[in-house]
Structures are given as structure tokens and as C-alpha cells.
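Numbering (numbering that gives the first Met the number 0), first residue to last: 0 to 304.
All C-beta atoms in this analysis are idealised placements derived from N, C-alpha and C, irrespective of residue type, glycine included.
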Amino acid sequence: MTRSHSFPIFLGSCVILLLGACVHKPVKPDAEPAPMAQMAPPPPQTVLLQEARSEAEQLRAELASLKILMAKQAGELRTLQEQGQGVQKREQERGMEIQNIRSELMASQSERDQLHRRNMELEGQIGGLANTNQLVTEIQTLRTSFQQMMANLKTLSSDLTLIKKAMHVTTNSPKAQQTALPHQAPSPSAPSGADHPNSHGQVVIQEGDTLWKLANRYHVSIDQLKDWNHLSSDLIMTGLRLRVVAPDTTQEALSSPDPKLTNVEAPVQAEAKAAPLKNHTPDQQLTTTPGQTETKNLLSVSTPK
């Protein structure tokens with residue numbers, strides 16, 4: 000630090016000495032120089048001036064080297080500044096990367112928490128999986144029952160359509176259904192074996208029979224007939240066999256005639272004998288309507304009259 004402060008003072012004194020040396024003009028000798036032995040020693044001012052010149056040259060050389068050193072240091076300083084700026088930029092980039100990593104870590108932590116909660120919910124649902132399986136089984140059973148009910152409804156709707164058509168035909172032409180017989184009076188037919196149950200308690204369904212008629216004829220209920228014959232509706236088909244007695248009825252009870260049935264059929268036969276024929280002519284023949292042939296084997300519904 001002392002050298003740096005004294006250097007400008009020393010430099011100023013050297014400049015002053017140089018200026019003084021430039022102003023001083025040497026005196027040319029008038030005569031020839033004296034021999035070496037007779038020459039006087041140089042004055043001290045000249046010696047000082049020479050020393051000052053040599054020192055000034057040294058100072059100039061040092062100043063030039065200092066300038067070169069300062070230029071090098073300035074270049075190094077600029078390089079260091081550029082490197083510092085690059086390091087600062089890299090630090091900023093690293094800071095941004097660290098912030099991004101932190102945000103990703105926070106997001107992954109939140110996702111992990113969500114997955115943990117979802118896992119807990121799934122574990123709770125697995126605990127009630129047995130109840131879910133039972134509910135699925137019940138739903139499948141209900142679906143099967145519903146499909147069966149829909150099939151039964153379709154069957155009933157088709158049967159009702161046929162019955163409505165038959166009823167429409169019989170309603171539109173009531174007079175055409177009457178038949179004209181020959182002169183002879185109709186002889187009442189004896190009760191056939193189809194009216195009496197066979198050994199298995201079954202009878203053959205005749206045309207015009209319904210569950211209601213059969214229930215009244217054999218003194219049973221319609222529900223019993225449906226239960227014994229496994230019927231899902233009141234529709235029966237002509238020509239099929241139908242159980243009209245309980246399955247546990249003995250053979251003796253089946254073979255013995257029913258007195259109530261005999262008493263019921265007797266007035267009906269007497270009334271049929273006494274009924275007069277209407278519109279009877281000798282030339283008339285047995286006539287039927289087309290609707291009768293079409294509806295001969297239709298299903299019948301057991302509706303009370």
C-alpha cells in the first residue's frame with residue numbers, strides 16, 4: 000500500500016527532472032578538449048540527471064509492463080465476469096429444476112395419498128363382496144322370474160286374442176249357429192264314459208268344457224283343479240285328460256257313481272227332451288257356420304255364467 004501511494008509522487012518528480020533536462024542546453028567548447036588527464040570531473044547535476052533518466056526509463060518500462068499486466072488482468076476480469084454470469088445462469092437453471100422436482104414430489108405425494116385412500120375404499124368394498132354376490136344372485140333370480148312372467152303374459156295375450164275372435168264370430172252371427180234337424184225327435188244320448196273319471200281320476204275334456212263347469216260338475220274348486228293338473232292359467236285344451244279328483248282318492252270312490260251328479264244330470268236330460276225344435280222343415284239339412292268349424296278346437300276360458 001505504501002508503494003502504491005508513493006509511486007505517483009516519484010513519477011511526478013521524474014517528469015519534472017526530464018523537463019528540466021530538456022530545457023538545459025549544453026555549451027559547446029570553443030577549444031579542443033583537453034586531454035584526459037586535464038579533464039575535470041562532471042558536475043553533480045549531470046550525474047543526477049543521468050541517474051534520473053535511467054530511473055525514468057526503468058519507470059517507463061515498469062509502467063509499460065504494468066499496463067500490459069493491467070490489460071491482462073482486465074481480460075481475466077472480463078472472463079471471470081462472464082464465467083460468473085454463466086455460473087449464475089446455471090444456478091438459476093438448477094434452482095428452476097429443483098423447484099420442478101419439488102412440485103413433482105408434491106404431486107407424487109398427493110397421488111400416493113389418493114391411491115392410499117382408494118386402496119382403503121377397495122378394502123372396505125371387498126369386505127362387503129359377499130353381500131354383493133348375494134344381491135347379484137337375487138337379481139338374477141328376479142330376472143328369470145320376470146322373463147317367465149313375460150312369457151306367460153305373451154301366451155295369455157295370444158290366447159285372449161283367439162278367444163276374442165271366437166266370441167266376435169259367435170256374437171255377430173247368433174242365428175247362423177242354430178241347426179235344423181230332420182223330422183225325428185232327438186234322442187237323448189246316454190252319458191258316456193268320458194263324464195266319469197278313469198282309474199287315475201282323469202276325464203277327457205270335451206268341447207265346451209271349462210274349468211268352472213268341471214269344478215261344478217265334480218264338486219271341486221278351480222284352484223284344486225289347477226293345483227292337481229299343474230295349470231298356470233284357466234285355459235284348457237279339448238281332447239286332453241284332466242284330473243278332477245284328489246290324487247289320494249281310492250279306486251272304489253272313483254267307481255261308485257256320484258248321486259249329486261246323477262241328480263244334476265237328470266233334469267238337464269228331461270229339459271233337453273221337452274225342448275221343441277224351432278224352424279223345422281223336412282227339406283232342411285244340418286248347417287253350420289264357418290266360425291263354428293274354425294273355433295271347434297279353440298281353447299276355452301272357465302268363466303262363470
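Query raised in the report: Distance, Cα to Cα, Q177 vs H195?
Result: With a pLDDT of only 43 at Q177, under the threshold of 50, the placement of this residue in the model should not be trusted; the figure read from the coordinates follows. Approximately 29 Å between the Cα atoms of the pair.
Requested in this report: Identify, in the order they occur along the chain, each residue of the same chain with its Cβ nearer than 7 Å to the Cβ of E103, setting aside the five sequence neighbours on each side.
Outcome: none
Query raised in the report: Since T241 is in the beta strand (DSSP E), which residue starts that stretch and which ends it?
Result: Looking at the sequence itself, residue 241 is Leu, so the reference to Thr does not match. Its beta strand (DSSP E) spans residues R240 to R242.
Query raised in the report: Given a threshold of 16 other Cβ atoms within 10 Å of its Cβ, counted over all protein chains shown, does A150 qualify as buried or as exposed?
Result: exposed
Query - Beta-carbon separation (whole angstroms), W227 vs R240, contact threshold 8 Å - result: Contact doesn't hold; Cβ gap of about 12 Å is too wide.
Requested in this report: Report, in whole angstroms, the separation of the C-beta atoms of Q205 and T237, which I expect to be a contact under 8 Å.
Outcome: 7 Å
Query - Cα-Cα separation, A51 to G83 - result: 45 Å
Requested in this report: Buried or exposed for L10, please, with buried defined as at least 16 other CB atoms from any protein chain shown within 10 angstroms of its CB.
Outcome: exposed
Report task. Please report how far the alpha carbon of S53 lies from the alpha carbon of G94, in whole angstroms. Result -> 59 Å
Query - Cα-Cα separation, I15 to A73 - result: 31 Å
Query - Ordered list of alpha helix (DSSP H) runs contained in the segment 191-246, each at least 4 residues - result: 210-216 and 221-228
**Report entry** Nearest-angstrom Cβ-Cβ length linking L224 and L234, presumed shorter than 8 Å
**Finding:** Between L234 and L224 the Cβ distance is about 12 Å, and since that is not below 8 Å, they are no contact.
Query raised in the report: Three-state secondary structure (DSSP) at P43?
Result: helix
Query raised in the report: What number of angstroms, rounded off, separates the C-alpha of T136 from the C-alpha of F145?
Result: 14 Å
Query raised in the report: With a CB to CB cut of under 7 Å and the five nearest residues on each side skipped, what residues in its chain are close to L155?
Result: S232
**Report entry** Exposure of V244, with buried meaning 16 or more beta-carbon neighbours within 10 Å
**Finding:** buried
Query raised in the report: How long is the line joining the alpha carbons of M148 and T140, rounded to whole angstroms?
Result: 12 Å
**Report entry** Straight-line gap, Q57 to E81 (C-alpha atoms, nearest Å)
**Finding:** 36 Å
Requested in this report: Label T78 either buried or exposed according to how many other C-beta atoms from any shown protein chain fall within 10 Å of its C-beta, with 16 as the threshold for buried.
Outcome: exposed
Query raised in the report: What's the call for L210, buried or exposed, on a 16-neighbour Cβ count within 10 Å?
Result: buried
Query raised in the report: What's the C-alpha gap between S64 and A55?
Result: 14 Å
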